[in-house]
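Encoded as structure tokens, the structure appears first; notes follow it.
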Amino acid sequence: MAMSAEVKGEKLKEDFDDLLTCTICLEIFKEPKYLPCLHTFCKSCINTYIVSTVKDNNPSGFKCPVCRRSVSIDDEKPDTWANNLPGNHFILSLIDKRELQKPDKLCDTCEQDKQKAISFCTVCQEAYCETCRKAHKIFKMSKSHKIIPITDINAETSTSSLHAHVTCKEHPDKTIEVYCQDHSKPCCTVCATVHHRKCEQVVTIDKAVTGIKESEKAKNLMTKLTETSNTLGKVLQNQKTNKENFENGIETVLQEIITLREKVCKHLNELEAKLRNEVNSSRKENSIKLDDETTDLSSLKNIVDNWKSLFEACISQGSEIQCLVKMDEILNNLPQTEKDISNLLHEIRTISVKFEHKDIISDITSLGSLIFNEHRHSPCSIPGMKIANYHTGKIRVAFTIDVTTPAVSGIFFNNDIILTHYSQNKIVYYDNKGQEQEQLNIPYCLTDVAKVNDQTVAVSSNEKKIVLINDVDSDGNIYITGYDSRNIHQLTSTGQLVRIIPVSELDNTITAPPLVIRFQPNSNRFLLTFDTGATKVLVCEID
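Under numbering that gives the first Met the number 0, read the sequence shown as residues 0 to 542, first letter to last.
Encoded structure:
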């Protein structure tokens with residue numbers, strides 16, 4: 000069954016109504032602008048929000064009012080930021096469609112004359128009365144425009160029938176005409192000429208969008224968004240239940256304290272007050288923690304639900320171009336959101352509490368102690384997230400990178416790999432399959448490399464008196480390479496030895512000392528380099 004048939008129904012129409020409502024003013028969007036996280040707001044609403052919340056002398060951005068994700072802006076004047084945000088043309092198309100279905104829709108050109116609109120220009124995106132329609136067909140620049148009767152527009156009419164073009168995000172006065180398959184990016188002819196002239200796979204937008212709604216890529220994305228939303232919903236509900244149980248436990252503890260206090264008379268007053276303060280202090284601290292985690296979970300679920308609703312709307316009501324644009328926008332944002340989900344789920348603990356009292360009346364120095372039990376939620380149920388057993392899982396070599404010289408260090412960088420060559424004074428960039436992409440020569444010997452941000456790396460050298468940096472996995476375990484022992488030592492975050500991993504178990508042909516181990520962020524994958532005697536880099540995974 001095609002996806003477009005799966006997203007029909009009254010409930011979906013209600014969801015679309017939510018997509019058309021600004022979460023700040025709670026009214027239908029006026030000049031909708033959207034952020035990188037894909038949340039949309041009225042231009043005036045987001046402008047007011049930015050101006051009122053940005054107080055720094057040299058502001059670099061603001062946080063989304065809904066999900067609190069940071070939005071970086073280069074312009075120094077916050078009152079201009081809203082105007083520079085991209086317009087949400089897909090939302091506009093849904094609003095136009097709904098307006099055109101109203102029986103009292105007036106002509107956009109002569110609105111003051113109260114003339115009823117009877118037709119709609121798909122190019123100018125305006126409704127016309129009969130007089131304006133005739134005039135529009137007379138003008139040389141507009142006589143070839145497609146005009147459709149408003150009576151032909153109904154709930155099942157696709158927005159692609161109403162909006163002939165989608166504008167380029169970088170050049171709003173240009174329409175999207177081509178698609179770069181090398182960069183998975185739709186663009187106008189200007190973008191194609193300036194930014195993609197060296198790309199090998201650039202096709203027309205019509206070819207790129209053919210069958211996009213029924214493609215496996217679209218189906219997989221919708222499935223992933225649905226599963227992630229459902230999983231986050233369950234985690235969120237569990238967290239709310241956890242908060243309720245925690246509060247109930249606190250009340251139980253307080254009652255136990257009161258009951259015990261009544262048995263030991265005045266001598267226990269000070270001890271009771273001390274313990275009650277401890278309980279209330281712990282409740283406040285843990286309640287704040289639980290509330291913060293609940294808020295973060297709600298924000299992440301809101302992001303995924305918003306993407307899901309947007310994509311469902313694209314599938315049901317959008318054009319193929321709109322669907323492609325939104326799908327790429329969501330896919331570009333999805334890795335960061337999955338990273339945020341993984342990080343949050345690693346931080347969440349289920350907290351319970353009970354009170355252990357001493358059954359004595361005299362010579363009491365303490366009424367007891369509070370015990371908080373926490374256990375980490377496993378993110379294994381999040382689709383696409385692979386969970387490794389770091390302490391006992393088998394380590395296997397995923398692939399090998401052959402290098403011309405030993406003494407190599409490296410890191411994972413945005414899912415790709417960067418290696419530094421000590422003796423050759425160069426940095427080499429590889430893709431996520433270990434294929435070399437480019438090199439950069441450096442005027443001194445390089446000993447190590449570290450990621451600064453998504454665009455920058457830092458390198459170390461003996462000249463700078465910085466040699467090596469240890470690494471940790473996503474579960475907090477510390478890894479140290481044993482130069483003399485030819486082993487990898489895995490420690491807990493507190494320094495306790497978990498296990499020793501001989502290099503020979505990974506590759507028995509390597510006798511050189513291990514040099515650097517680096518984990519891919521939020522992953523079970525790591526790379527291992529070696530000192531003199533080995534000219535290869537192992538990329539391994541822990542099952």
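By construction, the Cβ of each residue, glycine as well, lies at the ideal position given by its N, Cα and C atoms.
Please read all numbers here as calculations on a predicted model, not as lab measurements.
Quick check: what's the CA-CA separation for residue i versus residue j?
| i | j | result |
| --- | --- | --- |
| D401 | L537 | 9 Å |
| V208 | V324 | 10 Å |
| T399 | G433 | 7 Å |
| S408 | K450 | 13 Å |
| C179 | K197 | 10 Å |
| P512 | D430 | 26 Å |
| L369 | E246 | 14 Å |
| W306 | S298 | 12 Å |
| H345 | Q519 | 16 Å |
| M326 | L84 | 19 Å |
| S214 | F412 | 30 Å |
| I487 | V303 | 39 Å |
| S51 | N82 | 16 Å |
| E373 | D339 | 21 Å |
| T508 | V502 | 10 Å |
| I394 | D542 | 6 Å |
| N279 | K262 | 22 Å |
| L366 | R282 | 18 Å |
| H135 | H88 | 23 Å |
| F138 | S92 | 25 Å |
| L18 | I49 | 21 Å |
| L259 | E284 | 25 Å |
Under a Cβ-count criterion, where at least 16 other Cβ atoms within 10 Å of its own Cβ denotes burial, should residue i be classed as buried or exposed?
| i | result |
| --- | --- |
| C264 | exposed |
| T240 | exposed |
| M221 | buried |
| D95 | buried |
| E292 | buried |
| K12 | Note that K12 has pLDDT 49, beneath the 50 cutoff, so the model's placement of it is unreliable and the number below is only indicative. K12 should be labelled exposed. |
| A126 | buried |
| H420 | buried |
| L439 | exposed |
| H195 | buried |
| Y33 | buried |
| R517 | buried |
| K223 | buried |
| A533 | buried |
| D472 | buried |
| L25 | exposed |
| T227 | buried |
| R498 | exposed |
| F40 | buried |
| G494 | exposed |
| G317 | buried |
Confirm, please, whether the CB-CB distance from residue j to residue i is below 7 Å.
| i | j | result |
| --- | --- | --- |
| N44 | I27 | It should be noted that the sequence gives Cys, not Asn, for residue 44. Not closer than 7 Å, so no. |
| Y428 | I410 | no |
| H38 | V65 | yes |
| C106 | Q100 | no |
| C36 | R68 | yes |
| L496 | I477 | no |
| D295 | L343 | yes |
| K168 | L231 | no |
| L274 | I256 | yes |
| K212 | C322 | yes |
| E176 | C187 | yes |
| S492 | G475 | yes |
| I314 | V165 | no |
| S341 | N229 | no |
| T510 | P405 | no |
| C539 | F525 | yes |
DSSP has residue i in a bridge; who is on the other side?
| i | result |
| --- | --- |
| C169 | A small fix is needed here, since residue 169 is Glu in this sequence, not Cys. Its beta-bridge partners do not exist; DSSP assigns none. |
| P77 | Paired residue(s): none; P77 is not in a bridge. |
| V536 | I400 |
| E437 | Y428 |
| V70 | F61 |
| D415 | F412 |
| I516 | L527 |
| K489 | Checking the displayed sequence, the identity of residue 489 turns out to be Gln instead of Lys. The partner list for Q489 (beta bridge, DSSP) reads Y478 and R498. |
| F310 | Paired residue(s): none; F310 is not in a bridge. |
| G86 | K32 |
Hey, is residue i close to the ligand ZN, as in C-beta under 6 Å from one of its heavy atoms?
| i | result |
| --- | --- |
| D290 | With respect to the ligand ZN, the structure shown offers nothing to examine, as it has no ligands at all. |
_With a threshold of 8 Å, are at least 3 pairs of Cβ atoms found where one atom belongs to the segment 52 to 69 and the other to the segment 77 to 89?_
yes
_Using 8 Å as the cut-off, can you tell me whether the segment 350 to 357 makes contact with the segment 305 to 317, which would need three or more C-beta pairs spanning the two stretches below that distance?_
no
*Is the segment 133 to 152 touching the segment 116 to 125, taking contact as three or more C-beta pairs under 8 Å?*
yes
*Take every Cβ of the segment 320 to 335, pair it with every Cβ of the segment 171 to 185, and state whether three or more of those distances are shorter than 8 Å.*
yes
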